[in-house]
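Written below as structure tokens is the structure these notes are about.
There are 2 protein chains.
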Amino acid sequence: MSQTATRVYDELRGEILGGRCTPGARLREEELAERFGVSRTPVREALRRLEADGLAVVTPRRGAEVVRWRDEDIAELVELRALLEGQAARRAATGGGVDLVALTELCDRMEEHAGAEGRAADEITRLNLELHRAVHRASGRLLPDLLVRLIDVPVVRRTFHAYSETELRRSFAQHRELIEAIATGDGDWAAAVMHAHIRAAGATLRAGREPDPR
Amino acid sequence: MSQTATRVYDELRGEILGGRCTPGARLREEELAERFGVSRTPVREALRRLEADGLAVVTPRRGAEVVRWRDEDIAELVELRALLEGQAARRAATGGGVDLVALTELCDRMEEHAGAEGRAADEITRLNLELHRAVHRASGRLLPDLLVRLIDVPVVRRTFHAYSETELRRSFAQHRELIEAIATGDGDWAAAVMHAHIRAAGATLRAGREPDPR
DNA sequence: GCGCCTCGTCTTGTACACAAGAATCGGCCG
DNA sequence: CGGCCGATTCTTGTGTACAAGACGAGGCGC
Numbered sequence: 008m009s010q011t012a013t014r015v016y017d018e019l020r021g022e023i024l025g026g027r028c029t030p031g032a033r034l035r036e037e038e039l040a041e042r043f044g045v046s047r048t049p050v051r052e053a054l055r056r057l058e059a060d061g062l063a064v065v066t067p068r069r070g071a072e073v074v075r076w077r078d079e080d081i082a083e084l085v086e087l088r089a090l091l092e093g094q095a096a097r098r099a100a101t102g103g104g105v106d107l108v109a110l111t112e113l114c115d116r117m118e119e120h121a122g123a124e125g126r127a128a129d130e131i132t133r134l135n136l137e138l139h140r141a142v143h144r145a146s147g148r149l150l151p152d153l154l155v156r157l158i159d160v161p162v163v164r165r166t167f168h169a170y171s172e173t174e175l176r177r178s179f180a181q182h183r184e185l186i187e188a189i190a191t192g193d194g195d196w197a198a199a200v201m202h203a204h205i206r207a208a209g210a211t212l213r214a215g216r217e218p219d220p221r
Numbered sequence: 008m009s010q011t012a013t014r015v016y017d018e019l020r021g022e023i024l025g026g027r028c029t030p031g032a033r034l035r036e037e038e039l040a041e042r043f044g045v046s047r048t049p050v051r052e053a054l055r056r057l058e059a060d061g062l063a064v065v066t067p068r069r070g071a072e073v074v075r076w077r078d079e080d081i082a083e084l085v086e087l088r089a090l091l092e093g094q095a096a097r098r099a100a101t102g103g104g105v106d107l108v109a110l111t112e113l114c115d116r117m118e119e120h121a122g123a124e125g126r127a128a129d130e131i132t133r134l135n136l137e138l139h140r141a142v143h144r145a146s147g148r149l150l151p152d153l154l155v156r157l158i159d160v161p162v163v164r165r166t167f168h169a170y171s172e173t174e175l176r177r178s179f180a181q182h183r184e185l186i187e188a189i190a191t192g193d194g195d196w197a198a199a200v201m202h203a204h205i206r207a208a209g210a211t212l213r214a215g216r217e218p219d220p221r
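From first to last, the protein sequence lines are chains S and X. Numbering follows the numbering used here, in which position 174 of the first sequence is assigned residue number 181; successive positions increment by one, without gaps. Numbering follows the numbering used here, in which position 127 of the second sequence is assigned residue number 134; successive positions increment by one, without gaps.
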């Protein structure tokens with residue numbers, strides 16, 4: 008079983024992003040090691056990687072804990088996402104290298120899941136994330152790495168759970184428009200759509216923080 | 008002697024940023040451990056931190072090496088710096104919390120060093136970095152962390168060595184203008200100055216790559 | 001009774017040892 | 001003579017033991 012550290016990392020990361028870890032919770036090395044059935048060494052590495060991702064904070068000699076998000080952090084987060092995802096969309100539109108068919112299919116599947124009202128928010132979230140990442144990948148080498156720290160955040164992952172029917176439809180429409188802008192090669196258009204898309208999500212975040220518990 | 012890992016990290020980081028490590032050079036754990044007189048454990052941690060900073064790439068089971076920068080990476084780097092440092096300047100101008108006196112003193116000292124033509128490029132680089140960081144710090148909590156990956160790059164650190172007399176003066180003038188914009192609280196002005204400041208540096212980078220060997 | 005100091009425990013930091021996968025060099029076969 | 005296969009060697013990944021610092025509880029002095 009190779010890549011023990013990566014397994015622990017993925018596991019913990021999933022728990023934090025899924026909101027199954029309460030912010031501020033301590034992450035003791037030995038406890039985690041026992042829980043995952045490994046030694047402290049790979050756990051340490053996993054914790055450092057989480058810190059690099061901005062998901063945990065480790066204080067020297069005092070251990071690691073799940074990162075705590077403050078309100079002003081959320082505001083800054085939305086601003087930066089709007090800026091950087093906008094730039095990613097611009098470069099994706101002008102640089103080529105985007106699989107428009109795959110993007111369209113992601114939209115189709117998202118809208119299907121929205122039709123079937125079986126609390127498909129998790130699946131929609133996953134598909135949405137995949138769509139955004141596809142755009143990021145087409146934007147270069149540095150930008151995707153920067154965006155990881157802004158996208159993989161618990162609060163962002165919960166956005167779709169808070170969307171109203173109207174907001175959901177608007178979001179889907181923006182995805183379609185984004186694809187059209189990219190297909191046209193119009194960088195400004197793509198950036199503007201993405202910018203609006205993110206700001207709209209930010210408004211939902213500000214409006215009702217956690218209307219859906221857990 | 009506590010914080011062994013941090014010491015190794017700082018040392019290696021300095022070597023990479025100072026250009027004393029050739030890109031692509033392998034970083035073997037045992038070799039480094041012996042060189043620093045420590046065990047492999049803190050060396051490992053240092054290497055992972057360097058990877059998180061984008062200064063090294065580690066391939067599982069194949070070790071770490073000093074990151075290699077391609078030309079298109081540099082172009083993307085300049086774009087992103089212009090965008091994000093511009094945003095940092097905007098927030099610094101509108102948010103307050105900037106020590107304008109300290110910034111002005113940094114400018115004074117930089118210009119003094121430029122007057123004394125004793126190859127003071129390293130010192131100017133250091134002061135310039137400090138000025139930029141002061142602006143970053145005033146911009147929030149997330150942005151400074153993102154900027155680390157764009158600022159602490161070997162190529163950026165060499166910029167001042169490549170500046171002509173004219174470019175140097177223009178750069179200093181932009182610093183002064185930036186401070187004025189921040190003092191006025193004009194976010195758009197501050198962002199525009201910073202944007203131009205970075206783009207100008209980018210032009211120098213593109214024009215003469217490494218006119219000053221080592 | 002309150003505050004300070006000290007001792008004990010707990011957790012992380014580092015060193016060391018072993019195991020597993022990768023690269024390389026040599027030999028062998030076609 | 002060239003290519004392929006195997007063994008050796010080298011390097012990293014993981015487990016374990018020990019040391020050092022931090023936190024808390026308890027006792028002592030004022």
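Backbone N, C-alpha and C fix where the C-beta goes; we use that ideal spot for every residue, glycine too. These numbers come from a predicted model, not from an experiment.
On the criterion of 16 or more Cβ atoms from any shown chain inside 10 Å, does residue i qualify as buried, or is it exposed?
i	result
S178/X	buried
A210/X	exposed
R27/X	exposed
T191/X	exposed
A208/X	buried
P49/X	buried
E37/X	exposed
R213/X	exposed
G44/S	exposed
G224/X	With chain X covering 8 to 221 only, the question about residue 224/X has no answer from this structure.
A180/X	exposed
G194/X	buried
R77/S	exposed
T166/X	buried
R97/S	buried
M8/S	For M8/S, the pLDDT reaches just 47, beneath the cut-off of 50, and the residue's location in the model is therefore unreliable, leaving the point undetermined.
On the premise that residue j lies in contact with residue i, defined as a C-beta separation below 8 Å, what is that separation, rounded to the nearest angstrom?
i	j	result
L138/X	L110/X	6 Å
E83/S	G147/X	5 Å
I186/X	A89/X	About 19 Å separates the two Cβ atoms, so there is no contact after all.
H143/S	A95/S	5 Å
S46/S	A53/S	About 12 Å separates the two Cβ atoms, so there is no contact after all.
R56/X	Y16/X	5 Å
L24/X	R164/X	5 Å
G61/X	D60/S	Their Cβ separation, rounded to whole angstroms, is 13 Å, which puts G61/X and D60/S out of contact at 8 Å.
Which residues in the same chain as residue i place their Cβ atom closer than 6 Å to its Cβ, once the five residues preceding and following it in sequence are excluded?
i	result
I189/S	A99, A100, V105, A197
L150/S	A95
A12/X	P49, E52, A53
A145/X	A99, G104, V105
D115/S	none
E184/X	V200
E172/X	none
Go through its chain and collect everything with a Cβ distance to residue i's Cβ below 8 Å, but skip five positions before and after it.
i	result
H120/S	A127, E130, I131, L134
Kindly list the residues whose CB is nearer than 7 Å to the CB of residue i, restricted to its own chain and excluding five residues on each side of it in sequence; keep chain order.
i	result
H202/S	A89, G93
L175/S	A121
A63/S	L34, L54, L57, A71, E72, V73, V74
R68/X	none
T66/S	none
I81/S	V162, L212
L19/S	A53, L57
Just to confirm, is the Cβ distance from residue i to residue j under 7 Å?
i	j	result
L87/S	L136/S	no
L113/S	L154/S	no
(request) Decide yes or no for the touch test of the segment 60-76 of chain X against the segment 28-47 of chain X: beta carbon pairs closer than 8 Å, at least 3 of them. (result) Yes: the two stretches touch, three or more of their Cβ pairs being nearer than 8 Å.
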